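Single-structure report; data block below.
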Amino acid sequence: MKTFMRYISMAKVFLKINIQCGLEYPAYLISWLISNPLQFFFGIITIKVVVEQFHPLGGWEFPQIAFMYGLGILSHGLSVIFFIQTWYMDYLVTNGEFDRLLVRPLNVFFQFCFMDFNFIGITDFIPGFIIFIYGCIASHFPVTILNLVKLLLVVTGATLLRGAIYTLTGSLAFWTKRSGSLRSIHLSLFSYTTQYPLNIFPKLIQNLFTFILPLGFISYFPSSEFFNKDTGYKIFGNLSVWAFIIGVGFYVLSMAVFKLGLRRYESAGS
Amino acid sequence: MKPYLYMIKIKLLLSLNYRFEFYISLLVQVIFLFTSIFFWKAAYKGVGVVENVNEQQMLTYSVISLILSSIFITKVESTIQGKVRKGNIAVDYIKPTNIFLMYFSEDIGDVVTSIIQKAFPVFVFSFLFINPLPTSAVNLILFLLSSCLSYLILWLISAIIGLFYFRVIDMGPVGIIKDYLVRVLSGSFVPIWFFPKSVQAVLNYLPFIYTYQLPLSIYIGRSTINAAFKGMLVQVLWVLIFYFLFKRLKDKIEQNIFVQGG
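Protein chains in written order, with the working numbering: chain U, 1 to 270; chain F, 1001 to 1262.
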């Protein structure tokens, strides 16, 4: 219990320092606040143009796609806030930055989780929130306590799932020393599997993102349940709960891989 | 000419060094290809011709657009930014070459590499889904010419933004905003002809659609030969305008260059 309280108080200190760092350059934050939302607004506009010109994409109306799109960006924003340090793990490994974490009398994974709290991520979260609210209103999403709890489960699970995949690919750097370029792969995978209904892809790809790399649970499956869409999969139980379970499960897995990788860590030369 | 050709060669050899990066970028390209193909297939499901374009043409459009965006590399902006910040720009000015031509050759080197490493594999891979060949030989030649002009427009815009770094050192994400604008307004993902008429009318007077949409619609045979020539004339006009701007700005900035560090 005492250790637990100590970790909590340490986490508070880490967070405080990081937020102060983030607010030190307000102009920098504002400039990102202009540029980051642009990509999401442009993305949703292009989908709107196509849906209006053609027909509902894979049976999904535009407001429903907006809901799904927004839901996906919410967890993206949160994962960018909390897990940005996993994006440059190869740098930490090759430059021996883990030395600093290893000599402190604290759990390394804990320190790693709290070493960088990326305030800029809020500029991803805000446009996601706006698009999501628009989707809720336009698709007449029933706001009930139950649905809010489900959404909370989905967003938490999806954030953890994203964080877990970042941590897994980042941890590869312990073995390969380089993992930065893998980021472009999972970023594009994340955006394509959460922005469009998965059922526009062939069955093989749908299976891949349902059973092997369950990115469909970030926004597609939960949204399909909210709108009673037929995804062609009969999954036992509530999909929002599944999203949460999968997120936590993957996160625990990524923690284990991180610990395994840390044993291979051999610091830097000079 | 010789030093510039040498620069192109060096860039080519450099990028061949990173084999892992190559496989990764190829995989990313394939993911892009997959997504855009299935996106448009879903959109065209049960629909024949929209705005004079059928499914086959639209799929070709998206594949070639992907190829163009992978080879239209304009690193000049970040090159200038990096060199101004570190002060290396002074070293480049000592060299007996035109530094902007040198940056241009560096970018051309990257373009050539991308044609070999990205464009060619993606083109071959796309045969799995469609027949990505152009409608006729004339269309192909016009497409190639128009693409070169497109590249010049994009490069000059990038270079003009790069010149500002001489004065302000850092501009935050201005370059990123420019990239988003180009990506959406040029019709590289969704052609502008699907947008509302009023938006199209405005965009006709901006350079963006002349970077991607024009060469691509020539390629798929949506533009008539006449319209293609007309469009290319506008492209030449934009190249001249941007070149003039670039030249004026460059002369002004070169009068007084501040070099960082020692």
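Even for Gly, the Cβ is constructed at its ideal location relative to N, Cα and C.
Source: prediction; values computed, not measured.
Inset, instruction - Could you please give me the residues that DSSP links to U/Trp60 through a beta bridge? - result: As a working note, residue 60 of chain U is residue 60 in the first sequence. Per DSSP, U/Leu57.
Legend entry - Residues of the region 34-65 of chain U with Cβ closer than 9 Å to any Cβ of chain F, in chain order: Ile34, Ser35, Asn36, Leu38, Gln39, Phe42, Gly43, Ile45, Thr46, Ile47, Val49, Val50, Val51, Glu52, Gln53, Phe54, His55, Leu57 and Gly58
Inset, instruction - Compute the beta-carbon to beta-carbon distance between U/Gly157 and U/Ile246, rounded to the nearest angstrom, for a pair I have assumed lies under 8 Å. - result: Looking up residue 157 of chain U in the first sequence gives position 157. Looking up residue 246 of chain U in the first sequence gives position 246. With a Cβ gap of about 6 Å, U/Gly157 and U/Ile246 count as contacting.
Legend entry - Within-9 Å CB hit, U/Ala173 to chain F: Position 173 of the first sequence, counted from the start, is the residue given in the question as residue 173 of chain U. Output row for U/Ala173: interface = no.
Inset, instruction - Would you please verify whether the beta carbon of F/Val1184 is less than 9 Å from any beta carbon of chain U? - result: Taking the first residue of the second sequence as 1, we reach residue 1184 of chain F at position 184. For F/Val1184, the answer is yes, since a Cβ of chain U falls inside 9 Å of its Cβ.
Inset, instruction - Decide yes or no for the touch test of the region 1152-1165 of chain F against the region 1220-1227 of chain F: beta carbon pairs closer than 8 Å, at least 3 of them. - result: no
Legend entry - Reference F/Tyr1151; option with closest CA among F/Asp1107, F/Gly1172 and F/Met1102: On the second sequence, position 151 is the one that residue 1151 of chain F refers to. Minimum Cα distance to F/Tyr1151 is reached at F/Asp1107.
Inset, instruction - Report buried or exposed for F/Pro1215, applying the criterion of at least 16 other Cβ atoms within 10 angstroms of its Cβ. - result: Within the second sequence, residue 1215 of chain F is the residue found at index 215, counting from 1. Looking at its Cβ environment, which holds 16 or more other Cβ atoms inside 10 Å, F/Pro1215 is buried.
Legend entry - CB contact below 9 Å: F/Lys1197 versus chain U: As a position in the second sequence, residue 1197 of chain F is number 197, starting the count at 1. No, no contact with chain U.
Inset, instruction - Give the DSSP bridge partners of F/Val1053, in chain order. - result: Counted from its first residue, the second sequence places residue 1053 of chain F at position 53. BP columns for F/Val1053 point to F/Val1050.
Inset, instruction - Select from U/Lys234, U/Ile185, U/Phe244 and U/Trp175 the residue whose C-alpha is nearest the C-alpha of U/Gly261. - result: In the first sequence, residue 261 of chain U corresponds to position 261, counting from 1. Minimum Cα distance to U/Gly261 is reached at U/Trp175.
Inset, instruction - Let me know if F/Pro1132 comes out buried or exposed under the rule of 16 or more other beta-carbons within 10 Å of its beta-carbon. - result: Stepping through the second sequence from its first residue, residue 1132 of chain F is reached at position 132. For F/Pro1132, the number of other beta carbons within 10 angstroms of its own is at least 16, and it is reported as buried.
Inset, instruction - Tell whether a beta-carbon distance below 9 Å holds between U/Pro222 and U/Val143. - result: On the first sequence, position 222 is the one that residue 222 of chain U refers to. On the first sequence, position 143 is the one that residue 143 of chain U refers to. Going by C-beta atoms, U/Pro222 is not nearer than 9 Å to U/Val143.
Inset, instruction - Report the residues of the region 1049-1069 of chain F with a CB closer than 8 Å to any CB of chain U, ordered along the chain. - result: Here the close residues are Val1050 and Glu1051.
Legend entry - Local Cβ density within 10 Å of U/Cys21, reported as buried at 16 or more and exposed below that: As a first step, residue 21 of chain U is located in the first sequence; it is residue number 21 there, counting from the start. That one is exposed.
Legend entry - Below-9 Å beta-carbon distance, U/Pro202 vs any chain F residue: Working through the first sequence from its first residue, we reach residue 202 of chain U at position 202. Judged by the 9 Å Cβ criterion, U/Pro202 is in contact with chain F.
Inset, instruction - Could you please tell me which residues of the region 87-120 of chain U, in chain order, have their CB closer than 8 Å to any CB of chain F? - result: none
Inset, instruction - For U/Arg100, name the three-state secondary structure that DSSP assigns. - result: Here residue 100 of chain U is taken as the residue at index 100 of the first sequence, counted from 1. It is helical.
Inset, instruction - State yes or no: is the C-beta of F/Phe1072 within less than 9 Å of the C-beta of F/Leu1156? - result: Taking the first residue of the second sequence as position 1, residue 1072 of chain F is located at position 72. Taking the first residue of the second sequence as position 1, residue 1156 of chain F is located at position 156. Cβ atoms of F/Phe1072 and F/Leu1156: not closer than 9 Å.
Legend entry - Unbroken alpha helix (DSSP H) run spanning F/Ser1136, endpoints: As a position in the second sequence, residue 1136 of chain F is number 136, starting the count at 1. Counting along the chain, F/Ser1136 falls outside any alpha helix (DSSP H), and DSSP gives it neither H nor E.
Inset, instruction - Can you give me, in chain order, the residues of the region 161-191 of chain U that have a beta carbon less than 8 Å from any beta carbon in chain F? - result: Arg178, Ser181, Leu182, Ser184, Ile185, Ser188 and Leu189
Inset, instruction - Count the CB pairs spanning the region 115-122 of chain U and the region 56-67 of chain U that are closer than 8 Å, and state whether there are at least three. - result: In short, these stretches do not touch, since the Cβ pair count stays below three.
Inset, instruction - Compare the C-beta of U/Ala27 against all C-beta atoms of chain F and say whether one is closer than 9 Å. - result: Position 27 of the first sequence holds residue 27 of chain U. So yes, U/Ala27 belongs to the interface.
Inset, instruction - May I have a chain-ordered list of the alpha helix (DSSP H) segments no shorter than 4 residues that lie completely inside the region 1065-1135 of chain F? - result: 1076-1086, 1089-1094, 1099-1114 and 1120-1126
Inset, instruction - Anything in chain U within Cβ reach of F/Ala1042, meaning under 7 Å, just list it in chain order. - result: The residue given as residue 1042 of chain F occupies position 42 in the second sequence. By Cβ distance, chain U contributes Leu57, Gly58 and Ile200.
Inset, instruction - Please say whether U/Ile30 and U/Phe117 have beta carbons closer to each other than 9 Å? - result: Looking up residue 117 of chain U in the first sequence gives position 117. Looking up residue 30 of chain U in the first sequence gives position 30. It is not a contact, given that the beta carbons lie outside the stated cut-off.
Inset, instruction - Please go through the same chain and pick out, in chain order, the residues whose beta-carbon is closer than 7 Å to the beta-carbon of U/Phe209, but skip the five residues on each side of it. - result: Mapped onto the first sequence, residue 209 of chain U falls at position 209. Taken in chain order, the residues that qualify are Thr193, Leu198, Leu215 and Gly216.
Inset, instruction - Inspect the CB distances between the region 47-56 of chain U and the region 1201-1213 of chain F and report whether three or more fall short of 8 Å. - result: no
Legend entry - CA nearest to the CA of F/Asn1256, picked from F/Gly1048, F/Lys1009, F/Ser1070 and F/Tyr1093: One-based indexing of the second sequence puts residue 1256 of chain F at position 256. Here the closest residue by C-alpha is F/Tyr1093.
Legend entry - Rounded straight-line distance, which links the Cα of U/Tyr196 to that of F/Ser1069: Taking the second sequence and counting its residues from 1, one reaches residue 1069 of chain F at position 69. Taking the first sequence and counting its residues from 1, one reaches residue 196 of chain U at position 196. Roughly 21 Å separates the two Cα atoms.
Inset, instruction - Would you kindly work out how many angstroms separate the C-alpha atoms of F/Val1112 and F/Ala1042, rounded to a whole number? - result: Numbered from its first residue, the second sequence carries residue 1112 of chain F at position 112. Numbered from its first residue, the second sequence carries residue 1042 of chain F at position 42. Cα-Cα distance, rounded: 34 Å.
Legend entry - Whole-angstrom distance between F/Ile1176 and U/Pro26, CA atom to CA atom: Position 26 of the first sequence, counting from 1, holds the residue named residue 26 of chain U. Position 176 of the second sequence, counting from 1, holds the residue named residue 1176 of chain F. Each residue's alpha carbon lies about 19 Å from the other.
Inset, instruction - Tell me the start and end of each unbroken beta strand (DSSP E) in the region 125-205 of chain U that is at least 3 residues and wholly inside, in chain order. - result: none
Inset, instruction - Give every residue of the same chain whose Cβ lies closer than 8 Å to the Cβ of F/Trp1040, excluding the five residues on either side of it in the sequence, and list them in chain order. - result: The residue you call residue 1040 of chain F lines up with position 40 of the second sequence. Within the same chain, and ignoring the five residues on either side of F/Trp1040 in sequence, the residues whose Cβ sits closer than 8 Å to its Cβ are Glu1055, Met1058, Leu1059 and Ser1062.
Inset, instruction - Grab the span of the alpha helix (DSSP H) containing F/Asp1179 for me, first residue to last. - result: Translated into positions along the second sequence, residue 1179 of chain F becomes position 179. From DSSP, the alpha helix (DSSP H) with F/Asp1179 extends over Val1174 to Leu1185.
Inset, instruction - Just confirm the distance between the C-beta atoms of F/Leu1181 and F/Val1236, as a whole number of angstroms; I'd bet it's less than 8 Å. - result: Along the second sequence, read from residue 1 onward, the residue named residue 1181 of chain F stands at position 181. Along the second sequence, read from residue 1 onward, the residue named residue 1236 of chain F stands at position 236. About 22 Å separates the two Cβ atoms, so there is no contact after all.
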